[in-house]
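Colleague: Next up is a structure, given as structure tokens.
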Amino acid sequence: MTQPTKDALPITVRNVTKTYGPVHALDDVSIDVHSGEFLTLLGPSGSGKTTLLMVLAGFTRPDCGSLKFGDTEVIRPPPHLRDLGMTFQSYALFPHMTVAGNVGYPLRLRKRPKAEIADRVARALDTVQLGGFGDRRIDQLSGGQRQRVAVARAIVFEPRILLMDEPLSALDKKLRDQMQIELRHLHEQLGMTTVYVTHDQREALTMSDRIAVVNHGRIMQLATPRDLYERPANRFVADFIGESTFLDVTRQGDGLAWNGMPLNLGHPVPEAPGLQLMIRPERIVMRDAPGEGFNIFDATATDVVYQGDSYLLHARLKDGTQIALRGPMRGGDALPQAGQPVTLGLAPEDTVVIDASDV
Ligand code: ADP
Ligand code: MG
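At position 36 of the sequence shown the residue is numbered 35 (numbering that gives the first Met the number 0), and the sequence of numbers has no breaks.
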């Protein structure tokens, strides 16, 4: 199973809506998942991630909209005719079956010959590093091993599309970090188009080629991890990914001002009714002489935390806004005390202006 045996398939979702009574679980969703891509649906609990995955898989029929795998319309065919593997939010393994019994299940469903099943199950277990575990019972496995069995079952028939619903959320942090890397490697190795669901922004940033941020059944932004973090399209995305301080800004001539202070932006002002300047804690610096062109904010330190590799400073701007700043810690660096004045600098290229009208 080291070479992809089939070409990956792109997925085209167009105007898909699914309601449950008054709830719009999916509200006019359109997405293009590129062939071979690792795309993550990221959003808070109840935002519609599982519903979208269930629509892709064929377990949920949308009210309207269309869905294609490659050139084929697939809104009608049942799950087992869609050439996709899936892991569910609960592992959904059969506890009374062995590991091999679980992994071979999709092949028995597809009525493959016994010898082929044995061969493919062995290869799938090798791929998830569970070679030799075929005869174990599910209840003899750790959480991480069960998760790998679920993945092996999803890839055993070498589907062209792999769907995974919060596969790591039940694992402790260390194992989760390790499995993130393993799943990423598995994707590189098998090359199947993958739609992955998580509510954990760091996991999404770590694993994905692109991320679709979902809220209230709508796609708020679909972009690369870096673009999402550095150029969020709206306040929801800016809030959901990373930490930030938001300053209300007003138009002044062609530019923007904060409390009457003109801002040096280094880029044109976006067209939107309500604008805010978003400041990430690691992008604003504390220096006596921040450098030419920097936007300077005079502030008072309110809380200073030493964190070993870095420090975290909370400060109050002159209008009372609290701002957070994170900086690297070098030997011999002095940190300010709470109550002391500090000068904060923001480079023009680190200014991010967002549309705050749709909070
Ligand atoms: P997520 O996976 O992002 O947590 P879901 O897709 O499970 O969100 O749910 C989206 C919304 O649809 C929620 O408000 C949820 O309560 C509702 N919902 C999902 N499935 C059903 C269902 N079978 N019946 C009624 N409401 C549902
Ligand atoms: Mg869910």
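Every residue gets a Cβ at the ideal spot worked out from N, C-alpha and C, and that includes glycine.
Computed from a predicted structure; not experimentally measured.
Along the beta strand (DSSP E) that carries L41, what are the first and last residues, could you check?
Modeller: Numbered from its first residue, the sequence shown carries residue 41 at position 42. First-last of the beta strand (DSSP E) with L41: 37-41.
Colleague: Write down the C-beta distance between F278 and L221 rounded to the nearest angstrom, noting that I regard them as a contact closer than 8 Å.
Modeller: Your numbering for residue 278 matches position 279 in the sequence shown. Your numbering for residue 221 matches position 222 in the sequence shown. One detail in the question is off: residue 278 reads as Ile in this sequence, not Phe. Incorrect: roughly 24 Å between the Cβ atoms, too far for contact.
Colleague: Taking DSSP as the reference, what is the three-state secondary structure of N101?
Modeller: Here residue 101 refers to the residue found at position 102 of the sequence shown. Of the three classes helix, strand and coil, the one that applies to N101 here is helix, per DSSP.
Colleague: Under 7 Å from any heavy atom of the ligand MG, does the C-beta of E202 make it?
Modeller: On the sequence shown, position 203 is the one that residue 202 refers to. Not so, every heavy atom of the ligand MG lies at least 7 Å from the Cβ.
Colleague: I want to check one thing, is the minimum distance from the CB of K115 to the heavy atoms of the ligand MG below 7 Å?
Modeller: Translated into positions along the sequence shown, residue 115 becomes position 116. The sequence shown places Glu at residue 115, rather than the Lys named in the question. No - the ligand MG has no heavy atom lying nearer than 7 Å to the Cβ of E115.
Colleague: Is any non-hydrogen atom of the ligand ADP found closer than 7 Å to the C-beta of Y195, if you look at the structure I gave you?
Modeller: By one-based count along the sequence shown, residue 195 stands at place 196. Y195 Cβ: outside cutoff for every heavy atom of the ligand ADP.
Colleague: Among L343, L204, V127, L255, which residue has its Cα nearest to the Cα of D226?
Modeller: To locate residue 226, count along the sequence shown from 1; it is residue 227. Checking every option, the nearest Cα to that of D226 belongs to L204.
Colleague: Would DSSP call G326 helix, strand or coil?
Modeller: Numbered from 1 along the sequence shown, position 327 holds the residue referred to as residue 326. Strand.
Colleague: Which residues end up in the neighbourhood of the ligand ADP when you take C-beta atoms closer than 6 Å to any of its heavy atoms?
Modeller: Y19, V22, A24, G42, S44, G45, S46, G47, K48, T49, T50
Colleague: Given 7 Å as the limit, tell me if L165 has its C-beta closer than that to any heavy atom belonging to the ligand MG.
Modeller: To locate residue 165, count along the sequence shown from 1; it is residue 166. Per the sequence presented here, residue 165 reads as Glu, with Leu not at that position. Yes; taking the cut-off as 7 Å, the Cβ of E165 has a heavy atom of the ligand MG nearer than that.
Colleague: Beta-carbon separation of A56 and L162 under 8 Å?
Modeller: The residue you call residue 56 lines up with position 57 of the sequence shown. The residue you call residue 162 lines up with position 163 of the sequence shown. Yes, these two residues count as a Cβ contact at 8 Å.
Colleague: Tell me whether V120 sits in a helix, a strand or coil according to DSSP, three-state version.
Modeller: The sequence position of residue 120 within the sequence shown is 121, counting from 1. For V120, the three-state secondary structure derived from DSSP is helix.
Colleague: Can you give me the Cβ contacts of L185 inside the same chain, cut-off strictly under 8 Å, excluding the 5 residues immediately before and after it?
Modeller: If you number the sequence shown from 1, residue 185 lands on position 186. Counting only Cβ-Cβ distances below 8 Å, and skipping sequence neighbours, we find T126, V127, V150, I154.
Colleague: Considering just the uninterrupted stretch of the beta strand (DSSP E) at H23, what are its terminal residues?
Modeller: Here residue 23 refers to the residue found at position 24 of the sequence shown. First-last of the beta strand (DSSP E) with H23: 22-32.
Colleague: Suppose the cutoff is 8 Å on Cβ atoms and the five residues either side in sequence are ignored; what does the same chain contact list for E8 look like?
Modeller: As a first step, residue 8 must be located in the sequence shown, where it is residue number 9. A small fix is needed here, since residue 8 is Leu in this sequence, not Glu. Listed in chain order, the non-local C-beta contacts of L8 below 8 Å within the same chain comprise S34, F68, G69, D82, R159, I160, T192, local neighbours out to five positions each way being set aside.
Colleague: Would L255 pass as an interface residue toward chain C - the criterion being a Cβ-Cβ separation below 8 Å?
Modeller: Included in the structure is just one protein chain, with no chain C present.
Colleague: Helix, strand or coil for M0, going by three-state DSSP, please let me know.
Modeller: The residue labelled residue 0 in the question sits at position 1 within the sequence shown. A caution first: M0 carries a pLDDT of 45, below 50, which makes its placement in the model too unreliable to give a value.
Colleague: Helix, strand or coil for C173? Go by DSSP, reduced to three states.
Modeller: In the sequence shown, residue 173 corresponds to position 174, counting from 1. According to the sequence displayed, residue 173 carries Lys and not Cys. Note: K173 maps to helix in three-state DSSP.
Colleague: L66 and V98: beta carbons closer than 8 Å?
Modeller: Position 67 of the sequence shown, counted from the start, is the residue given in the question as residue 66. Position 99 of the sequence shown, counted from the start, is the residue given in the question as residue 98. In this structure, V98 does not lie closer than 8 Å to L66 by Cβ.
Colleague: In three-state DSSP terms, what is P94?
Modeller: Indexing the sequence shown from 1 puts residue 94 at position 95. Here P94 sits in coil by DSSP.
Colleague: Are R286 and T301 close, meaning C-beta to C-beta below 8 Å?
Modeller: Here the question's residue 286 lines up with position 287 in the sequence shown. Here the question's residue 301 lines up with position 302 in the sequence shown. No, Cβ-Cβ distance for R286 and T301 is not below 8 Å.
Colleague: Smallest Cα separation from N101: which of A271, Y195, F156, D253?
Modeller: Translated into positions along the sequence shown, residue 101 becomes position 102. Measuring from the Cα of N101, the nearest candidate turns out to be F156.
Colleague: Do three or more CB pairs link the region 327-347 to the region 246-258 at distances below 8 Å?
Modeller: no
Colleague: Quick one, which of L311, L167, A323, P77 has its alpha-carbon nearest G142's?
Modeller: Counted from its first residue, the sequence shown places residue 142 at position 143. Closest by alpha carbon: L167.
Colleague: Leaving out the 5 sequence neighbours to the left and right, which residues in its chain are closer than 7 Å to R13 when beta-carbon positions are compared?
Modeller: Start at 1 with the first residue of the sequence shown, and residue 13 comes out as number 14. Closer than 7 Å at Cβ, skipping near neighbours: S29, G64, S65.
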